[in-house]
Amino acid sequence: MARINDAFVTGIGKMTLEEIALHEDFNLIKNRLICSTKNCDSRLTFASRKELNYLRTYRGDNHSEDCILNFDREELKRKGEKIAEIEGGLTRAKLKSRNKDFFKKLYIPTRATDTTKGKNANQIKSDSKNPRNYIDAKLNTDGTGDVLTETEQNGTRVRSPRINSRELNQISEKDVGQIIKANGYISEISLTDNNSAKVYVKFNNSRAVYILPPSFFSDEITANQINDYLRVMHTYIARKERKKLQIITLCEVKKIAHKNEIQELYINSYNWIDLAIETEPPKFLDLPNFVAQVVTKVF
Ligand SMILES: [Zn+2]
Numbered sequence: 001m002a003r004i005n006d007a008f009v010t011g012i013g014k015m016t017l018e019e020i021a022l023h024e025d026f027n028l029i030k031n032r033l034i035c036s037t038k039n040c041d042s043r044l045t046f047a048s049r050k051e052l053n054y055l056r057t058y059r060g061d062n063h064s065e066d067c068i069l070n071f072d073r074e075e076l077k078r079k080g081e082k083i084a085e086i087e088g089g090l091t092r093a094k095l096k097s098r099n100k101d102f103f104k105k106l107y108i109p110t111r112a113t114d115t116t117k118g119k120n121a122n123q124i125k126s127d128s129k130n131p132r133n134y135i136d137a138k139l140n141t142d143g144t145g146d147v148l149t150e151t152e153q154n155g156t157r158v159r160s161p162r163i164n165s166r167e168l169n170q171i172s173e174k175d176v177g178q179i180i181k182a183n184g185y186i187s188e189i190s191l192t193d194n195n196s197a198k199v200y201v202k203f204n205n206s207r208a209v210y211i212l213p214p215s216f217f218s219d220e221i222t223a224n225q226i227n228d229y230l231r232v233m234h235t236y237i238a239r240k241e242r243k244k245l246q247i248i249t250l251c252e253v254k255k256i257a258h259k260n261e262i263q264e265l266y267i268n269s270y271n272w273i274d275l276a277i278e279t280e281p282p283k284f285l286d287l288p289n290f291v292a293q294v295v296t297k298v299f
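The numbers in UniProt numbering rise by one with no breaks, and the one at position 189 of the sequence shown is 189.
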């Protein structure tokens, strides 16, 4: 099945997958995608999997018979079914590797646009004779609790939690109540003395504020230690000469900001946060490592 690289956007015209992903009105235009083949009006859906953006045919729609993207839905194989859902936390190492994947998507663009890797994005892969049912794991919103294992429970596979990465312009109603991976260049940090903080960010004309609630200060290391780290980051951000610093983090979307309001995102756990500093080449760092390098004047 062919990969879909572009779409016709109603009211705008033909756009590439990349142009759609970066568009400032992404949430509006993503619902107006149609196959770009002449005389084919099959709708398309924007999707993202394993840090790779792709377009797929809208569920139930068919391409016109002479469209190069035409495929026979009868051939699609049956998938296993979800039989239960469990909730829990992930280890710091696993959370970090998810953030690192997002870092790679942001800084190694060849990966996101690599046409060979997305070749099968439009295909549903599974074993039709023996579809395997699964248990879906979901990350809890407080960042604590039992660690989710990606093993079998009574012979049923437990799928590790799906955490979508979103650029700030792509956050929508669909994400409310979910934990997502998000980013942004830090422009300001406001610290209070009662174990909470706000980190203001910008990315591609969008703004957001990351809220670090008291739960952020209650993980593993002491609140004092975390406050010290944030103070170093605060001083660094206020410096005239500095490298650009991005936050790369898991966060909870509680609600969508109204027009002219700033989007709030909650970093409920200290384990969720990592950073990217734009040295040459850019570096992926956790907060303690960043602080250690600032203190020793590496940056
Ligand atoms: Zn088509």
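We treat Cβ as the ideally placed atom computed from N, Cα and C, and that holds for glycine.
Can you find the residues in the same chain that come closer than 8 Å, C-beta to C-beta, to residue i, ignoring five residues on each side of it along the sequence?
i, result
"isoleucine 48", "Looking at the sequence shown, residue 48 is not isoleucine but serine. Excluding sequence neighbours, serine 48 sits near Tyr54, Asn164 and Ser165."
"leucine 191", "Ala197, Asn227, Leu230, Arg231 and His234"
"isoleucine 83", "Asn133, Tyr134, Ile135 and Thr156"
"phenylalanine 102", "Glu51, Ser165, Lys181, Asn183 and Ile248"
"arginine 59", "Thr45"
"glutamate 85", "Ile135, Asp136, Ala137 and Lys138"
"threonine 279", "Lys243 and Phe299"
Does DSSP classify residue i as helix, strand or coil?
i, result
"isoleucine 83", "strand"
"isoleucine 277", "strand"
"isoleucine 163", "coil"
"aspartate 136", "strand"
"tyrosine 229", "helix"
"serine 64", "coil"
"arginine 98", "helix"
"glutamine 170", "helix"
"leucine 28", "helix"
"leucine 22", "helix"
"leucine 52", "strand"
"asparagine 70", "coil"
"phenylalanine 103", "helix"
"serine 218", "helix"
"isoleucine 237", "helix"
"alanine 292", "helix"
"lysine 117", "Low local confidence applies: a pLDDT of 41 at lysine 117 is under 50, so the model's placement there is unreliable, and no value is given."
Classify residue i as buried or exposed, calling it buried when 16 or more other Cβ atoms lie within 10 Å of its own Cβ.
i, result
"isoleucine 267", "buried"
"residue 357", "Nothing about residue 357 can be reported from this structure: the residues present for the chain run from 1 to 299 only."
"valine 291", "buried"
"glutamate 51", "buried"
"threonine 57", "buried"
"lysine 30", "buried"
"aspartate 193", "exposed"
"residue 303", "There is simply no residue 303 to check, as the chain begins at 1 and stops at 299 in what is shown."
"valine 298", "exposed"
"lysine 252", "In the sequence on display, residue 252 carries glutamate and not lysine. Buried, since its Cβ has 16 or more Cβ neighbours within 10 Å."
"proline 161", "buried"
"glycine 13", "exposed"
"leucine 17", "buried"
"glycine 89", "buried"
"alanine 2", "exposed"
"isoleucine 4", "buried"
"glycine 143", "buried"
"aspartate 41", "exposed"
"valine 176", "exposed"
"lysine 255", "exposed"
"valine 9", "buried"
"valine 201", "buried"
"isoleucine 262", "exposed"
"glutamine 28", "Per the sequence shown, residue 28 should be read as leucine rather than glutamine. Per the 10 Å Cβ criterion, exposed."
"asparagine 99", "buried"
"isoleucine 68", "exposed"
"aspartate 66", "exposed"
"lysine 105", "buried"
Looking only at DSSP bridge pairs, what is residue i linked to?
i, result
"glycine 13", "Val9"
"cysteine 40", "Answer by DSSP bridge pairing: none, since cysteine 40 is not bridged."
"threonine 57", "Leu44"
"tyrosine 185", "Lys202 and Gln246"
"aspartate 197", "The amino acid at residue 197 is misidentified as aspartate; the sequence shows alanine. Partner(s): Leu191 and Leu212."
"valine 147", "Gly89"
"residue 318", "Residue 318 is absent from the model: the chain starts at 1 and stops at 299."
"glutamate 264", "Val209"
"residue 308", "No answer is possible for residue 308: it lies beyond the span of the chain, which begins at 1 and ends at 299."
"isoleucine 34", "Phe8 and Arg43"
Once the 5 residues before and after residue i are set aside, which same chain residues still bring their CB inside 7 Å of it?
i, result
"threonine 91", "Val147"
"leucine 95", "Leu250, Asn271 and Trp272"
"phenylalanine 203", "Glu167, Leu168, Asn183, Gly184 and Tyr185"
"asparagine 214", "The sequence as given places proline at residue 214; asparagine does not occur at that position. For proline 214, where only same-chain residues beyond five positions count, the Cβ hits under 7 Å are Asn195 and Ser196."
"threonine 113", "Per-residue confidence for threonine 113 stands at a pLDDT of 44, beneath the threshold of 50, marking its modelled position as unreliable; the derived number appears in the next sentence. Closer than 7 Å at the Cβ level, and outside the excluded window around threonine 113, lie Glu18."
"residue 336", "Within the shown structure, residues of the chain are numbered from 1 to 299, placing residue 336 beyond reach of any answer."
"glycine 11", "Arg32"
"lysine 223", "Note that residue 223 is alanine in the sequence shown, not lysine. Contacts found: Asn195 and Phe217."
"residue 340", "Residue 340 lies beyond the stretch modelled for the chain, which goes from 1 to 299, so this question has no answer here."
In chain order, what residues of the same chain lie with their CB nearer than 6 Å to the CB of residue i, ignoring the 5 residues before and after it?
i, result
"isoleucine 237", "Ile186 and Ile189"
"phenylalanine 26", "Asn169 and Gln170"
"tyrosine 107", "Pro282"
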